[in-house]
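Engineer: Sharing a structure below in C-alpha cells format, with a few things to ask.
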Amino acid sequence: MSKKIGLIIGSVRTYRVGDKIAKWFLENSGITSKFKVDVIDLREENLPFYDEMLAPMAMKQQFTKEHGKRWQAKINSYDGFVFVASEYNFGYAPALKNAIDYLFEEWKGKPAVIVSYGYAVAGTSSAAQLRHVLEKSMLGMKVMPTMPSVKLEGSMFNEQGQFKDINKSFEPFKANAEKAVEELSGAF
C-alpha cells in the first residue's frame, strides 16, 4: 500500500499564488506516481488561533473543540507532508505556523518536503525558518535535504496577476522538485 502525503498550501491570502504552485508541484514533481496525495488548503481549513486550555503536547490527542478534533484526525491520517510555504517579510505565513502549532504527536518524526516561493530570495528565508521549526523543535520531523524554491518575477505574470505560462516559468525548478520527491520516497 502506498504512503499517504498531505500537500499543505500555507498561504490563506485572497490574492495568492501558493495554490497554483501546489498544483504545479503536484503535476510536475512525480509525486503522484509514488504516493497518494491530498491537497490541504489552509484557507479552506479556516483554523482559528489555537484555543485549547493546554499546550498541544500536553493534550495527549484529546481535543475538546470540534475544529481541533477535525484537524487532528486529518493530519494524523498522513504518513508525510509537502509544505508549500510563501515568504512574507522573510518568514513563512502565520496561518501555516498556527496550523503546525495546533498539533504535536500528529507531526512528530514524519518526513516532509518544503517547497518555498517568493520574490527577493525565492522563499529561501521562509524555508530555512520552517525547516528549523519542523526539525529542531520537539516535532523532530525529517525534512528532506532538497527544498525546492521558486523565485517569482514580475515577468511571469499577466496584467491580471495570473501566471502567463507556469510550466515554462517553472521549468528551472522542476529538477529540484523531482529530486525532493525521490528523497521523500526514500525516507520511508
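Convert by adding 28 to the 1-based position in the sequence shown; the result is the number in my numbering. Every residue, glycine too, gets a C-beta built ideally from N, C-alpha and C. Model, not experiment: these values are computed from the prediction.
1. Find out if the Cβ-Cβ distance for the pair G189, S114 is shorter than 8 Å.
2. How would you write the range of the beta strand (DSSP E) that D69 sits in, first residue to last?
3. Looking at the unbroken alpha helix (DSSP H) that takes in K202, where does it start and where does it end?
4. Are I49 and L70 close, meaning C-beta to C-beta below 8 Å?
5. Considering just the uninterrupted stretch of the alpha helix (DSSP H) at K196, what are its terminal residues?
6. Specify the secondary structure class of V178 as computed by DSSP and reduced to three states.
7. Just how far apart, CA to CA, sit E181 and S144?
8. If I'm right that W99 touches E72 with Cβ under 8 Å, what's the distance once you round it to whole angstroms?
9. By the DSSP assignment, the alpha helix (DSSP H) with F111 in it spans what residues?
10. Could you work out which residue in K51, G108, G34 is closest to F216 when comparing CA atoms only?
11. Could you pull the DSSP bridge partners for L35 from this structure?
Structural biologist: For this structure:
1. Reading the sequence shown from its first residue, position 161 is the one you call residue 189. Reading the sequence shown from its first residue, position 86 is the one you call residue 114. No. Outside cutoff.
2. Here residue 69 refers to the residue found at position 41 of the sequence shown. 64-69 is the span of the beta strand (DSSP E), which, as asked, contains D69.
3. Numbered from its first residue, the sequence shown carries residue 202 at position 174. Annotation for K202: the continuous alpha helix (DSSP H) segment containing it runs 202-214.
4. Within the sequence shown, residue 49 is the residue found at index 21, counting from 1. Within the sequence shown, residue 70 is the residue found at index 42, counting from 1. The answer is no: Cβ separation not under 8 Å.
5. Stepping through the sequence shown from its first residue, residue 196 is reached at position 168. 194-198 is the span of the alpha helix (DSSP H), which, as asked, contains K196.
6. As a first step, residue 178 must be located in the sequence shown, where it is residue number 150. The DSSP-derived three-state label of V178 is strand.
7. Position 153 of the sequence shown, counted from the first residue, corresponds to residue 181. Position 116 of the sequence shown, counted from the first residue, corresponds to residue 144. C-alpha separation (whole angstroms): 14 Å.
8. Here residue 99 refers to the residue found at position 71 of the sequence shown. Here residue 72 refers to the residue found at position 44 of the sequence shown. Actually they do not touch by this definition, with Cβ atoms about 12 Å apart.
9. Stepping through the sequence shown from its first residue, residue 111 is reached at position 83. Unbroken run through F111 is the beta strand (DSSP E), 108-114; no alpha helix (DSSP H).
10. By one-based count along the sequence shown, residue 216 stands at place 188. Answer by Cα proximity: G108.
11. Position 7 of the sequence shown holds residue 35. In DSSP, L35 forms a bridge with V67, V110.
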